[in-house]
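Engineer: What follows is a structure written as structure tokens; I'll ask about it next.
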Amino acid sequence: MVDRSHEHPPRELTLTPQLLVAAYCQGVFPMARSRHAPGVEWFSPDPRAVLPLDRFKCPRTLRQAVERRLFDIRHDTAFADVITACSHKRPGHPETWINRQIIESFIELHELGVAHSVEAWRDGQLVGGLYGVAIGGAFCGESMFHRPDLGGTNASKVCLAHLVAHMKSRGFILLDVQMNSDHMRRFGTVEIPRKEYLRRLTDAIAMDVSF
0 MVDRSHEHPP RELTLTPQLL VAAYCQGVFP MARSRHAPGV EWFSPDPRAV LPLDRFKCPR
60 TLRQAVERRL FDIRHDTAFA DVITACSHKR PGHPETWINR QIIESFIELH ELGVAHSVEA
120 WRDGQLVGGL YGVAIGGAFC GESMFHRPDL GGTNASKVCL AHLVAHMKSR GFILLDVQMN
180 SDHMRRFGTV EIPRKEYLRR LTDAIAMDVS F
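When we follow numbering that gives the first Met the number 0, the leftmost residue of the sequence shown carries the number 0, and every step to the right adds one.
Right, dumping it as structure tokens:
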């Protein structure tokens, strides 16, 4: 259940990079009711889901996929393509929360060096990826996708494993996954009270590290 008691600011506000950065620094993030919705709503879940970097679980099939090096993993070479792919319908998920307003505003955020993508390429094609927001030592994961029809089975999971390793190497301390799911629990996500999350977020965004 998403706690809507802390929705802020009003959804009619224009999504600007400045507003997005201010919101994420307060533990608030936007979602649309559907990919065709005209605006967004704002959320700050309690409890909050995070993935402790030192407790990341790598299932056997994922470990094998990483070791086989099936994909060419890149950063920030196709951000617009990644977020657009994340907004598309997928089996079992007929609707998404990423609308045109979110896509356009996050592309602006990417151009400012705040939003980032991790991409899996195979045979010259983008077959999976994820994107999120990096502020200080915090990375707020937003969404991921994969294209099994193009040989991208496990591609998004490999991107997640790469993200965790990259964050550890760069000195990041907080990987926010916002709301938990059975899928993410497989990798070691835990839920913490919003008050504790905000304390960790404050410590993380004060750090001088870069993605």
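By construction, the Cβ of each residue, glycine as well, lies at the ideal position given by its N, Cα and C atoms.
#1: Tell me the residue span of the alpha helix (DSSP H) that contains alanine 104.
#2: Following the continuous alpha helix (DSSP H) through leucine 230, name the residue where it begins and the one where it ends.
#3: According to DSSP, is valine 208 part of a helix, a strand, or is it coil?
#4: So, is arginine 146 buried or exposed, given that buried needs 16 or more other C-beta atoms within 10 angstroms?
#5: Given this structure, state the Cα-to-Cα distance separating glutamine 25 from arginine 121, to the nearest angstrom.
#6: In its own chain, which residues sit with a C-beta less than 8 Å from the C-beta of leucine 108, not counting the 5 before and 5 after it?
#7: Is valine 27 near aspartate 175, with beta carbons less than 8 Å apart?
#8: Whole-angstrom Cβ separation of leucine 200 and leucine 162, contact assumed at under 8 Å?
#9: Give me, in chain order, the residues of the same chain whose beta-carbon lies closer than 6 Å to that of alanine 64; leave out the 5 immediate sequence neighbours on both sides.
#10: Rounded to the nearest angstrom, what separates leucine 61 and asparagine 98 at their Cα positions?
#11: Pick from Val126, Ala205 and Ala31: whose alpha carbon is nearest that of aspartate 80?
#12: Whole angstroms is fine: what's the gap from tyrosine 23's alpha carbon to arginine 89's?
#13: If we call anything under 8 Å between Cβ atoms a contact, is serine 86 one with threonine 95?
#14: Can you tell me which of Ala205, Met206, Asp207 and Phe186 puts its alpha carbon nearest to the alpha carbon of arginine 54?
#15: For isoleucine 106, decide whether its Cβ has a neighbour in chain D, counting only Cβ atoms nearer than 8 Å.
#16: Suppose you measure from the CA of phenylalanine 70 to the CA of methionine 143; what does that come to, to the nearest Å?
#17: What is the DSSP secondary structure of cysteine 139, reduced to helix, strand or coil?
#18: Can you say whether glutamine 177 is buried or exposed, counting buried as having 16 or more other CB atoms within 10 angstroms of its CB?
#19: Looking only at its chain, what residues have a beta carbon closer than 6 Å to the beta carbon of threonine 188, apart from the 5 residues adjacent to it on each side?
#20: Helix, strand or coil for isoleucine 82 per DSSP?
#21: Within its chain, find whatever has a CB closer than 7 Å to the CB of alanine 36; leave out the 5 residues flanking it on each side and keep chain order.
#22: Considering only C-alpha positions, which residue in the set Gly123, Gly136 and Pro29 is nearest to methionine 166?
#23: The beta strand (DSSP E) with histidine 87 in it runs from where to where?
Structural biologist: Checking against the coordinates, here is how it stands:
#1: Locating residue 104 in the sequence shown gives position 105, counting from the first residue. The sequence given here places serine at residue 104; alanine does not occur at that position. Counting along the chain, the alpha helix (DSSP H) containing serine 104 begins and ends at 99–110.
#2: This structure leaves residue 230 out entirely; the chain is present only between 0 and 210.
#3: Mapped onto the sequence shown, residue 208 falls at position 209. Valine 208 falls in the coil class under three-state DSSP.
#4: For the purposes of this step, residue 146 is identified with residue 147 of the sequence shown, where counting begins at 1. The residue is buried, with at least 16 neighbouring Cβ atoms inside 10 Å.
#5: Residue numbering aside, residue 25 sits at position 26 when the sequence shown is read from its first letter. Residue numbering aside, residue 121 sits at position 122 when the sequence shown is read from its first letter. Between glutamine 25 and arginine 121, the C-alpha separation is close to 38 Å.
#6: Position 109 of the sequence shown holds residue 108. Closer than 8 Å at Cβ, skipping near neighbours: Pro16, Leu19, Val20, Ala114 and Val132.
#7: Position 28 of the sequence shown holds residue 27. Position 176 of the sequence shown holds residue 175. Not in contact: valine 27 and aspartate 175 (Cβ atoms no closer than 8 Å).
#8: Walking along the sequence shown from the start, residue 200 turns up at place 201. Walking along the sequence shown from the start, residue 162 turns up at place 163. Contact flag wrong, Cβ pair sits at about 18 Å.
#9: As a position in the sequence shown, residue 64 is number 65, starting the count at 1. Closer than 6 Å at the Cβ level, and outside the excluded window around alanine 64, lie Asn153 and Val157.
#10: Within the sequence shown, numbered from 1, the residue matching residue 61 stands at position 62. Within the sequence shown, numbered from 1, the residue matching residue 98 stands at position 99. One C-alpha to the other measures close to 30 Å.
#11: Counting from 1 along the sequence shown, the entry for residue 80 is found at position 81. Closest by alpha carbon: Val126.
#12: Start at 1 with the first residue of the sequence shown, and residue 23 comes out as number 24. Start at 1 with the first residue of the sequence shown, and residue 89 comes out as number 90. Rounded to whole angstroms, tyrosine 23 to arginine 89 spans 27 Å at the Cα level.
#13: Numbered from its first residue, the sequence shown carries residue 86 at position 87. Numbered from its first residue, the sequence shown carries residue 95 at position 96. Yes, the pair counts as a contact, with Cβ atoms nearer than the cut-off.
#14: Locating residue 54 in the sequence shown gives position 55, counting from the first residue. For the residues Ala205, Met206, Asp207 and Phe186, the minimum Cα distance to arginine 54 belongs to Phe186.
#15: No chain D appears in this structure, which consists of one protein chain only.
#16: The sequence position of residue 70 within the sequence shown is 71, counting from 1. The sequence position of residue 143 within the sequence shown is 144, counting from 1. About 16 Å.
#17: Here residue 139 refers to the residue found at position 140 of the sequence shown. Strand at cysteine 139.
#18: Position 178 of the sequence shown, counted from the first residue, corresponds to residue 177. Glutamine 177 is buried by the Cβ-count criterion.
#19: Here residue 188 refers to the residue found at position 189 when the sequence shown is read from its first residue. Within the same chain, threonine 188 has close Cβ partners Ala48, Leu50, Val176 and Asn179.
#20: Taking the first residue of the sequence shown as position 1, residue 82 is located at position 83. Helix at isoleucine 82.
#21: Stepping through the sequence shown from its first residue, residue 36 is reached at position 37. Result list for alanine 36: Asn98, in chain order.
#22: Walking along the sequence shown from the start, residue 166 turns up at place 167. Out of Gly123, Gly136 and Pro29, Gly136 has the C-alpha closest to the C-alpha of methionine 166.
#23: On the sequence shown, residue 87 is found 88 positions in, with the first residue counted as 1. No beta strand (DSSP E) holds histidine 87; DSSP gives it neither H nor E.
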